[in-house]
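K.L.:
Chains as they are written, first to last, in the working numbering: chain X, 413 to 732; chain D, 2 to 354.
Heads up, the beta-carbon is just placed ideally off N, CA and C, and yes, glycines get one too.
Model, not experiment: these values are computed from the prediction.
Let me give you the structure first, and then I'll get to my questions.
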């Protein structure tokens, strides 16, 4: 029997989030006149959104010229069908391929360059270099959707972006689909006979992730023990691990999120001094994943979770 | 006139009269410190391995294969690498201080660090995971970058001042370093996905390809250390002042070139595998000057021994202070080095007053 407590509280949090969201939404739609009928009737403008980043943003009409400076937000917008409204995405937004990639930077944003696209909504992951102040000075609404800490954050952000772009219903169904897939992945991994250990590698200098991070929380959902958690005292989110410790921890599963940055794979991991002794290397349970998928908090987290769940199932079969 | 044959050039013995020689007691103390730090280096780590197991492993006894694997594949090469990197950085620092007669000179004075950082950043950003002739491209690029920066500084310094003064060379090094740093920052800025690796590289870390890295740098390190060691008397002679030394028939510019090339070669090699570890080249030679004596016949050999010992200990701290995570070794050396650096500046100012 699985534990129900975390799920129940997560559901409660989501329900609360939805209620809060709806009340904001109704308050907004009562306050102003809907300017136009849109393809998704559930979205009325103006709409007010309070992003996790802070201030409430009011979007007067359905945006037709969205600029996204956040790769995760770009993926969310395209996944819910708001892609045609996006006119520019930042230089890191490499997915989907149809996204209008530009030289714009989300790390060192240039307000003039953003203004050149005459946006009617700007979405970013952080307020760096006076971004919010600068965009507001242009009288353009800007939504900050910061790095998600867990899947619920992702769901909230998708719904907010849906409301902001007139795709509330699409966003709802995207979230519902993600939610059900996550549920099936969690259900697909039975309680293993023994605790399975995972090592998640961010790059070949052995930076890793703890369970406090977005990606670490996915491992937790799949019932894995994360070897980086022992180093949380040194760095609560992304500690740099000692190779000696990794070898001695003998992880059952190694997830390589450095296949693009550092071209790592099973053979390069096996070639590292001493690593051949690790059970995951011996049994070939070294999972290469797309660096971007594993470092963003968009809808493709489902792909990542599917890949990891598959390996956990294999490990469980071996253990049985 | 009698003269002492030292490698390339001879120093009249009268020049060195009154300068202290290395006493056996200090040489023994250096060897002891090195042995003790290596002992600590192999005994401490995030994984507890007892003294008995370490000794058993060394003599080929039967031990737990997991622990033997950690010792042979990870810990022993790391300690040996610490010896090579620390010894080389310290002797290169001492050599630069002697050649430029500048107490604040370090192995990176002529842009070696900036060049290595640029080379490594380019390799990390644009050629990840590739290797040339079986050697990872990152250390190769760092080695080439360090060499290019120092060569550039030397050429620039020579064209501007004709090498009449060391100051021209130092300023050329400063300019080259600033130029390389700006390119490095630009590349890092445009390749944000590799920031973490570049950061890890710049702060230095003795996490490596194990014995492969040791073998990779060993020839350069040996060449560099031997060449500088053979010039220790000439470095002492240089302290008399350039004009006077030139009048004694010592080819100052050639000595300067040979020592700079040797120090650069060693620095480039160790930086290639360990990153740009800060302050070792400053604090070790200066500690020896303060405690033992200013003669280069003392400072040069003792820098190798104490530099190696210091870096092995710093690395032991790097992998145990926040175990099972690691600190970049540059954090440890700079944390100890910066206050010491200030103390050195204060004492040199006091002497000048």
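1) Using a Cβ distance threshold of 8 Å, determine whether the region 135-144 of chain D contacts the region 166-184 of chain D, with at least three qualifying pairs required.
2) Three-state secondary structure (DSSP) at residue 724 of chain X?
3) Do we get a CB-CB distance below 7 Å when we pair residue 327 of chain D with the residues of chain X?
4) To the nearest angstrom, how far is the alpha carbon of residue 682 of chain X from that of residue 227 of chain D?
5) Taking Cβ to Cβ, would you say residue 708 of chain X is nearer than 7 Å to residue 521 of chain X?
6) Provide the residue(s) that pair with residue 132 of chain D in DSSP beta bridges, ordered along the chain.
7) Residue 82 of chain D: which of D:343, D:314 and D:338 sits nearest, CA to CA?
8) So with CB distances below 7 Å, who are the chain D contacts of residue 679 of chain X?
9) According to a CB-to-CB cut-off of less than 8 Å, which residues of the region 610-623 of chain X neighbour chain D?
10) Using beta-carbon positions only, say whether residue 90 of chain D and residue 108 of chain D come within less than 7 Å of one another.
11) How long is the line joining the alpha carbons of residue 644 of chain X and residue 320 of chain D, rounded to whole angstroms?
12) Is it a yes or a no for the region 319-334 of chain D touching the region 250-259 of chain D, going by three-plus beta-carbon pairs under 8 Å?
13) Please report the straight-line C-alpha distance between residue 519 of chain X and residue 277 of chain D, rounded to a whole angstrom.
14) For a minimum of 4 consecutive residues, which ranges assigned as the alpha helix (DSSP H) are wholly contained in the region 188-253 of chain D?
15) Kindly give me the distance between the Cβ atoms of residue 148 of chain D and residue 331 of chain D, rounded to whole angstroms, as I take these residues to be in contact under 8 Å.
16) Can you look up residue 23 of chain D in the DSSP assignment and give me helix, strand or coil?
17) Residue 653 of chain X versus chain C: which residues are under 8 Å apart at the beta carbon?
18) List the residues of chain D that residue 657 of chain X touches, going by C-beta distances under 9 Å, in chain order.
19) Which residues in the same chain as residue 201 of chain D place their Cβ atom closer than 7 Å to its Cβ, once the five residues preceding and following it in sequence are excluded?
20) Does any residue of chain X have a CB that is nearer than 7 Å to the CB of residue 330 of chain D?
21) Under DSSP, the alpha helix (DSSP H) around residue 631 of chain X begins and ends at which residues?
22) Starting from residue 686 of chain X, find everything on chain D with Cβ-Cβ shorter than 7 Å and list it in chain order.
23) Please go through the same chain and pick out, in chain order, the residues whose beta-carbon is closer than 7 Å to the beta-carbon of residue 627 of chain X, but skip the five residues on each side of it.
24) For residue 129 of chain D, go through chain X and note every residue whose CB falls closer than 7 Å to its CB, in chain order.
25) Pull up the CB-CB distance for residue 296 of chain D and residue 266 of chain D, whole angstroms please, since I reckon it's below 8 Å.
26) With 16 as the cutoff for other CB atoms within 10 Å, does residue 723 of chain X come out buried or exposed?
27) Residues in the same chain with beta-carbon distance under 8 Å from residue 129 of chain D, minus the five sequence neighbours each way, listed in chain order, please.
28) Under 8 Å, CB to CB, which of the residues in the region 507-519 of chain X have a partner in chain D?
29) Measuring alpha carbon to alpha carbon, tell me which of X:467, X:459, X:481 and X:698 ends up nearest residue 474 of chain X.
30) Can you have a look at residue 452 of chain X and say buried or exposed, based on whether 16 or more other CB atoms are within 10 angstroms of its CB?
31) With 16 other CB atoms within 10 Å as the buried threshold, where does residue 716 of chain X fall?
32) Give the DSSP-derived three-state secondary structure of residue 468 of chain X in the structure shown.
33) Which whole-angstrom value is the C-beta distance of residue 526 of chain X and residue 539 of chain X, which I expect to be below 8 Å?
34) Is there a Cβ from chain X that is less than 7 Å from the Cβ of residue 334 of chain D?
35) Sort D:34, D:47, D:36 and D:20 by Cα distance to residue 656 of chain X and report the nearest one.
36) Residues in its own chain within less than 8 Å of residue 719 of chain X by CB, not counting five upstream and five downstream?
P.N.:
Well, looking at it:
1) No: fewer than three Cβ pairs fall under 8 Å.
2) helix
3) Interface flag for residue 327 of chain D against chain X is set, since a Cβ pair is found closer than 7 Å.
4) 37 Å
5) no
6) D:137
7) Selected option, being the one with the closest Cα: D:314.
8) Correct list: empty, because the minimum Cβ distance to chain D is about 11 Å.
9) 614, 615, 616, 617, 618 and 619
10) yes
11) 15 Å
12) no
13) Distance between the alpha carbons of residue 519 of chain X and residue 277 of chain D is about 26 Å.
14) 196-204, 212-231, 233-239 and 243-248
15) Rounded to whole angstroms, the Cβ separation of residue 148 of chain D and residue 331 of chain D is 21 Å, and the two are not in contact under 8 Å.
16) coil
17) Looking for chain C here will not work: the only protein chains present are X and D.
18) Within 9 Å Cβ-Cβ: 46, 47, 48, 320, 324, 325, 326 and 327.
19) 329
20) no
21) The continuous alpha helix (DSSP H) containing residue 631 of chain X extends over residues 626-633.
22) 70, 71, 74 and 75
23) 612, 621 and 706
24) 673, 674 and 675
25) About 24 Å; that fails the 8 Å criterion.
26) By the 10 Å Cβ count, residue 723 of chain X comes out buried.
27) Closer than 8 Å at the Cβ level, and outside the excluded window around residue 129 of chain D, lie 195.
28) The residues in question are 519.
29) X:459
30) Only weak support is given to the placement of residue 452 of chain X: the predicted model assigns it a pLDDT of 42, under 50, and the value that follows is read from those uncertain coordinates. By the 10 Å Cβ count, residue 452 of chain X comes out buried.
31) buried
32) strand
33) The beta carbons of residue 526 of chain X and residue 539 of chain X sit about 13 Å from each other, so the pair does not count as a contact at 8 Å.
34) no
35) D:47
36) 699 and 701
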